[in-house]
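Colleague:
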Amino acid sequence: MSTDAMSTQVTDTDLRTRLQDWIPKLVLSPSVAMMVVFVYGFILYTVYLSFSGSRMLPSYDLIGLANYTRLWGLSAWWTAVINLAIFASLYIAICTAIGLTLAILLDQKIRGEGMLRPIYLYPMALSFIVTGTAWKWFLDPGIGLENTMHLWGWESFEFGWIKDRNMAIYTIVIAAVWQTSGFVMAMFLAGLRGIDNEILKAAQIDGASNWNLYRRIVIPLLRPAFLSAFVILAHLAVKSYDLVIALTGGGPGRATELPATFMYSYTFTRNQMGTGAASAVIMLMTIAAIMMPYLYAELKEKK
Amino acid sequence: MGFLDISNVTKTYGNVEVLHRVDISVQEGEFLVLVGPSGCGKSTLLNMIAGLEGITSGDISINGRVVNGVHPSKRNIAMVFQSYALYPNMTVAQNMTFGLEMHGVPKPERDKALADVAKLLQIENLLDRKPGQLSGGQRQRVAMGRALVRDPDVFLFDEPLSNLDAKLRVDMRTEIKRLHENLKTTIVYVTHDQIEAMTLSTRIAVMYQGYVQQLGTPKEIYDKPANVYVATFMGSPAMNVVKAKVAMREGAPHALVTGHDGTDHALRFSQDNLAEWDGREILLGIRPEAITDPDGADRNSNNIVPITNRIEVIEPSGADTFVTMKLGGRDVIARMRADADVATGRDFTFAVNMEKAVAFDPATELRIQP
Amino acid sequence: MAAVTQDTAIRTGRITRTFIYLVLVLFALFYLLPLYVMVANSLKPLGEITGGNMMALPGTWTIEPWLAAWSTAQIGVEPTGLKPYFLNSILMVVPAVAISTVLGALNGYVLTKWRFPGDNILFGLMLFSCFIPFQIVLIPMATILGKMGLAGSIPGLVLVHVVYGIGFTTLYYRNYYAAFPTELVRAAMIDGAGFFRIFWRILLPVSGPITVVSVIWQFTNIWNDFLFGASFGGQSQPMTVALNNLVQSSTGVKEYNVHFAGAILAALPTLLVYVVAGRYFVRGLMAGSVKG
């Protein structure tokens, strides 16, 4: 009965309408095809390689979990993972703190906001390579900050983190914070500007001090901005590659290796493609764990 | 066969049927209003006529042609949208002629049509402006102008007045009515406003929960509502519907309703067939204007019943005074003349025009036909 | 209570305000300092850097380092300067930005105005592809580019950047078009306009703001990319890779002034775009990708 109705409908449909039904899908198809091949196909391929005995070139003999076992047995990988944990937590925490502080301060009807905002934001326009180059020399004890302080008469000043195995990872945090914190500020500022002024007035009439106003009302209302900032910073942290290359080159020694640099060197210079693929899969899983709930919530909400 | 035929049309989204077997036949030159609360399916039906949504089963035909699978632009229809949907980047003139341009109408003809319609709607001075520079009422006119320029078989209006303020809405309503009377176009008009439905239409389809509850002229809908839903939806204030018991007195059926103090009032029906309901419960429907002060009662009515009951609330509205009392345990509103002598808490003699009363079956909520 | 402006909801005293300005200015210095150091030192002779204070303004002003960075500096093994690599970057960025923006606009249009079952899942997959660590695709990409004969070429880089850029451009246009009234599209359909005509005549004319965002975002990202350039650049390396080669080169004397000039040259196009249109970019970004 119902299929009958459907078929008459199809024959009634004129050519143009039927074409119009297909055009949107045709237009979308190149992008979908690229995505399927270059993103999800490639992911599957890399996952496959991570279970294979690939060395210099891809090979298709499956060796089970051997690459993963080897990976977690490598001290270089552990260094990279621990570095990432240090780097990511400090980077996210400091960027958020600075971003939130600057946004709240800028939101106090500041004269010259129009001038300050672009100053905070411009580092975002630079490549990590440029940022790395700049900070590399700025932090270099021989010609940078330390030298300057000595020339200015502070003879005992020492700042040689970039040459120090234990401290070099923190210089990466400094440069990364410098690059991104202004952007986080902009996110929080947009959030603050979106808060209904009447809520703030009501809170003041209720007798809240400025401190309490922010602690109890404003900051809780910024929850979405915190979430967005966290997701963006976390995924940038896991992907960090260029900055390490430009700033420390992974050194001194291997002191500032991150998973991204580890993967690159194992795959392309040390000919351990299987192990490299396994490390890439772990990076992907880390990001997926952060992004999936966020994307799911975003899409569901917009429906 | 009508000019626009909707026969046996249903619409399902997934497993949910949102329109159930709708049958409406519209004659050429008719002004059909689809009215109902939000979610009743009226806009879905309009979009199906326009071709903006597919038909799950059934047929829609316009001017003798089944248009089920036909592209919206090939149905020879024009539509006025709730948000007006004026293209923000085009001038008023470009907005109005865009459809003609898309249909390959040569420029001189487009300009002629534009000039005619602009004159008709008195928007000649707005033609070079962008929609952003227009007031709400002007946008509304342009949106109608865009539809008129096309000279289509059927005009579709989707709540076109709902974004206007109260005064402008009344003015535009008159304007639309005048346009229809001058141009004799076929119009399908969707609204949730029952006053718009009453004033504009030649026929109304009252919709609720995906069903056409009643299809008829405004007078039929108002005086002979098919069921309790239609009775209470149409009219403001709504029709009073109270529980009553039918009893035979002096050979005629009466409705017994309880007053504020528990005593029964007997209201004689003008409808004789209610004798069959002797001793049974019914729902009695009386419109507020059928309950008045004695001096304000309808002089042409043969069946005015006086009842004395206590006044609970008085709401003067300028032209009328609305008086609330309790009948059958429910609030009942009476519509008095502005200078009726009423006071809160006092007993008052109301004149009930039983010629206008209707009775509903309490089980089915359908009107008991005379 | 201190003097208070009428319209602000939050009131602050004079001492607090002085403190606020102090903090804000200190942070401004923090952000400006590296730029100042780069510019100042790029205009000094090398001797002033190694023997002097990096904070000081040049004693002798010179544009020699800039000329060297541009045309004579040793990049890898060739003394070509950054000029050819700058050109590579331009040749890579322009088509990649154009193609990914056009595709993103069309995708956004389809995903909001021509919806079909499953469109949300497709969009979710596209969105996730913006965030993947690119290490996961490096190996197969190298293989495929080789098989397609695009390894080490500009078209190869364009392809890579388009593929991994359309997620973002689609996201921007989708969010922008989602706020565009669907009734307008329906009106145009009834008026007789088809898929492309509606896009061209109705949506595109009002897409200026989001196109600015999309173009700036893509331009900045692609210009600043290092990973793909280093992995697949081959003979056609972009500016960032060349700059890194210049700075990291271990042979000879380290010409810091030339390095700084090169770094500024590499940053100049994006900084310029940022100065000219940054305001629109931030505004659009806030509305587009993250709801604050």
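Chains as they are written, first to last, in the numbering used here: chain D, 32 to 334; chain W, 284 to 653; chain L, 61 to 352.
Glycine included, each C-beta is placed from N, C-alpha and C at the ideal position.
Name the residues in the stretch 244–255 of chain L whose C-beta lies less than 7 Å from a C-beta of chain W; which are they?
Modeller: Those would be Leu244, Arg246, Ala247, Met249, Ile250, Asp251, Gly252, Ala253, in chain order.
Colleague: Give me, in chain order, the residues of the same chain whose beta-carbon lies closer than 6 Å to that of serine 33 of chain D; leave out the 5 immediate sequence neighbours on both sides.
Modeller: Start at 1 with the first residue of the first sequence, and residue 33 of chain D comes out as number 2. Unreliable placement is indicated for serine 33 of chain D, whose pLDDT of 33 sits below 50; the coordinate value is still reported in the next sentence. Nothing meets the Cβ criterion.
Colleague: So, helix, strand or coil for lysine 507 of chain W, using DSSP?
Modeller: Reading the second sequence from its first residue, position 224 is the one you call residue 507 of chain W. Of the three classes helix, strand and coil, the one that applies to lysine 507 of chain W here is coil, per DSSP.
Colleague: Starting from alanine 634 of chain W, follow the alpha helix (DSSP H) in both directions and report where the run begins and ends.
Modeller: Sequence index remark: in the second sequence, residue 634 of chain W carries index 351 (1-based). Looking at the DSSP string, alanine 634 of chain W is not in any alpha helix (DSSP H); the run it does join, the beta strand (DSSP E), is 630–636.
Colleague: Within the chosen definition, does the stretch 408–415 of chain W reach the stretch 441–448 of chain W through at least 3 CB pairs nearer than 8 Å?
Modeller: Flag = no, the stretch 408–415 of chain W and the stretch 441–448 of chain W do not touch.
Colleague: In chain order, what residues of the same chain have a beta carbon less than 6 Å from the beta carbon of alanine 277 of chain D, not counting five sequence neighbours either side?
Modeller: Here residue 277 of chain D refers to the residue found at position 246 when the first sequence is read from its first residue. Counting only Cβ-Cβ distances below 6 Å, and skipping sequence neighbours, we find Ile160, Gly163, Thr164.
Colleague: Using alpha carbons as the reference points, say which of D:Tyr99, D:Ser271, D:Ala260, D:Leu264 lies closest to tyrosine 79 of chain D.
Modeller: Translated into the one-based positions of the first sequence, residue 79 of chain D becomes position 48. Of D:Tyr99, D:Ser271, D:Ala260, D:Leu264, the residue nearest in Cα terms is D:Tyr99.
Colleague: Let me know the alpha helix (DSSP H) ranges lying completely inside the stretch 121–175 of chain D, each 4 residues or longer, listed in chain order.
Modeller: If we require 4 residues or more, the alpha helix (DSSP H) runs fully inside the stretch 121–175 of chain D come out as 144–152, 159–169.
Colleague: Starting from leucine 244 of chain L, follow the alpha helix (DSSP H) in both directions and report where the run begins and ends.
Modeller: Sequence index remark: in the third sequence, residue 244 of chain L carries index 184 (1-based). Element bounds for leucine 244 of chain L: 242–251.
Colleague: Could you tell me which of W:Gln416, W:His548, W:Val388, W:Gln421 sits nearest to valine 432 of chain W, measuring between CA atoms?
Modeller: Counting from one through the second sequence, the residue named residue 432 of chain W turns up at place 149. Looking at the Cα atoms, W:Val388 is the closest of the given residues.
Colleague: Taking its Cβ as the centre, do 16 or more other Cβ atoms sit within 10 Å of methionine 531 of chain W, making it buried, or is it exposed?
Modeller: Numbered from its first residue, the second sequence carries residue 531 of chain W at position 248. By the neighbour-count rule (16 or more Cβ atoms within 10 Å), methionine 531 of chain W is not buried but exposed.
Colleague: Pair every Cβ in the stretch 188–195 of chain L with every Cβ in the stretch 314–327 of chain D, then say whether three or more of these pairs are closer than 8 Å.
Modeller: Segments in contact, yes.
Colleague: Identify the continuous beta strand (DSSP E) that holds leucine 315 of chain W and give its terminal residues.
Modeller: Taking the first residue of the second sequence as 1, we reach residue 315 of chain W at position 32. Looking at the DSSP string, the run of the beta strand (DSSP E) that includes leucine 315 of chain W is 314–318.
Colleague: Just the chain B side, please: which residues come within less than 9 Å of histidine 386 of chain W by C-beta, in chain order?
Modeller: Given the protein chain composition of this structure (D, W and L), no chain B is represented.
Colleague: Quick one, which residues of the stretch 89–115 of chain D are near chain L if we go by CB-CB under 7 Å, in chain order?
Modeller: Against chain L - using a Cβ distance shorter than 7 Å - the residues of the stretch 89–115 of chain D are Pro89.
Colleague: Give me the Cβ distance between valine 220 of chain L and methionine 249 of chain L, rounded to the nearest whole Å; I'm assuming they're in contact under 8 Å.
Modeller: Here residue 220 of chain L refers to the residue found at position 160 of the third sequence. Here residue 249 of chain L refers to the residue found at position 189 of the third sequence. 37 Å between Cβ atoms; not a contact.
Colleague: Use the C-beta contact count for alanine 558 of chain W: other C-beta atoms within 10 angstroms, 16 or more gives buried, fewer gives exposed.
Modeller: Counted from its first residue, the second sequence places residue 558 of chain W at position 275. Per the 10 Å Cβ criterion, exposed.
Colleague: Can you pull the chain D neighbours of alanine 88 of chain L, defined as C-beta to C-beta under 9 Å?
Modeller: The count along the third sequence starts at 1 and reaches residue 88 of chain L at position 28. Going along chain D in sequence order, the residues near alanine 88 of chain L (Cβ under 9 Å) are Met146, Leu147, Ile150, Tyr151.
Colleague: Since tyrosine 316 of chain L meets chain D, which of its residues come closer than 8 Å, beta carbon to beta carbon?
Modeller: Locating residue 316 of chain L in the third sequence gives position 256, where the first residue counts as 1. Trp168, Ile174, listed in chain order.
Colleague: For glycine 84 of chain D and chain L, any beta-carbon pair shorter than 8 Å?
Modeller: Taking the first residue of the first sequence as 1, we reach residue 84 of chain D at position 53. False, the Cβ-Cβ gap to chain L never drops below 8 Å.
Colleague: Going by DSSP in three states, phenylalanine 438 of chain W sits in which element: helix, strand or coil?
Modeller: Numbered from its first residue, the second sequence carries residue 438 of chain W at position 155. In the structure shown, phenylalanine 438 of chain W sits in a strand (DSSP, three-state: E or B).
Colleague: Between leucine 335 of chain W and the rest of its own chain, which residues show a CB-CB distance below 7 Å, the 5 nearest in sequence each way excluded?
Modeller: Taking the second sequence and counting its residues from 1, the one referred to as residue 335 of chain W is at position 52. If we look at leucine 335 of chain W and ignore the five residues flanking it on each side, its Cβ neighbours are Pro355.
Colleague: Which of the three DSSP states is assigned to isoleucine 123 of chain L in this structure?
Modeller: Taking the first residue of the third sequence as position 1, residue 123 of chain L is located at position 63. The answer is coil: DSSP assigns isoleucine 123 of chain L none of H, G, I, E or B.
Colleague: Smallest Cα separation from isoleucine 307 of chain W: which of W:Val299, W:Leu329, W:Gly297?
Modeller: Counting from 1 along the second sequence, the entry for residue 307 of chain W is found at position 24. Per the Cα distances, W:Leu329.
Colleague: Considering only the beta carbon of each residue, do isoleucine 594 of chain W and alanine 573 of chain W sit closer than 8 Å?
Modeller: Along the second sequence, read from residue 1 onward, the residue named residue 594 of chain W stands at position 311. Along the second sequence, read from residue 1 onward, the residue named residue 573 of chain W stands at position 290. Going by C-beta atoms, isoleucine 594 of chain W is not nearer than 8 Å to alanine 573 of chain W.
Colleague: Counting only the same chain and skipping the five closest in sequence on each side, list residues whose C-beta sits under 8 Å from that of glutamate 392 of chain W.
Modeller: As a working mapping, residue 392 of chain W is identified with position 109 in the second sequence. These residues qualify, in order along the chain: Leu383.
Colleague: Hey, is isoleucine 262 of chain L's beta-carbon within less than 8 Å of any beta-carbon in chain W?
Modeller: Taking the first residue of the third sequence as position 1, residue 262 of chain L is located at position 202. Chain W, which has a Cβ nearer than 8 Å to the Cβ of isoleucine 262 of chain L, makes this yes.
Colleague: If we cut at 8 Å on Cβ distances, does aspartate 35 of chain D have a partner in chain L?
Modeller: Within the first sequence, numbered from 1, the residue matching residue 35 of chain D stands at position 4. Any reading at aspartate 35 of chain D needs caution, since the residue's pLDDT is 32, under 50, leaving its predicted position unreliable; the model's value is listed next. It does not; no Cβ of chain L falls within 8 Å.
Colleague: Quick check: the stretch 153–169 of chain L against the stretch 271–288 of chain L, are there 3 or more CB pairs under 8 Å?
Modeller: Contact holds: three or more Cβ-Cβ distances are below 8 Å.
Colleague: Could you tell me which residues DSSP puts in a beta bridge with threonine 229 of chain L?
Modeller: Here residue 229 of chain L is taken as the residue at index 169 of the third sequence, counted from 1. Threonine 229 of chain L is not bridged to any residue.
Colleague: Spell out a yes or no on whether the stretch 472–489 of chain W and the stretch 317–331 of chain W are touching, meaning 3 or more CB-CB pairs, one atom from each, closer than 8 Å.
Modeller: Contact between the stretch 472–489 of chain W and the stretch 317–331 of chain W is present, because at least three Cβ pairs lie under 8 Å.
Colleague: Please say whether alanine 309 of chain D and leucine 102 of chain D have beta carbons closer to each other than 8 Å?
Modeller: Taking the first residue of the first sequence as position 1, residue 102 of chain D is located at position 71. Taking the first residue of the first sequence as position 1, residue 309 of chain D is located at position 278. Yes, Cβ-Cβ distance for leucine 102 of chain D and alanine 309 of chain D is below 8 Å.
Colleague: Decide if asparagine 465 of chain W is buried, meaning its Cβ has at least 16 other Cβ atoms within 10 Å, or exposed.
Modeller: Mapped onto the second sequence, residue 465 of chain W falls at position 182. The residue is exposed, with fewer than 16 neighbouring Cβ atoms inside 10 Å.
Colleague: Looking at glutamine 139 of chain D and isoleucine 80 of chain L, is the spacing between their C-beta atoms short of 8 Å?
Modeller: Counted from its first residue, the third sequence places residue 80 of chain L at position 20. Counted from its first residue, the first sequence places residue 139 of chain D at position 108. In this structure, glutamine 139 of chain D lies closer than 8 Å to isoleucine 80 of chain L by Cβ.
Colleague: Taking only heavy atoms of the ligand ZN into account, decide whether any of them is closer than 7 Å to the Cβ of phenylalanine 146 of chain L.
Modeller: This structure does not include the ligand ZN; it has no bound ligands of any sort.
Colleague: So, is the C-beta of valine 335 of chain L closer than 8 Å to a C-beta in chain W?
Modeller: Reading the third sequence from its first residue, position 275 is the one you call residue 335 of chain L. It does not: the Cβ of valine 335 of chain L has no partner Cβ on chain W nearer than 8 Å.
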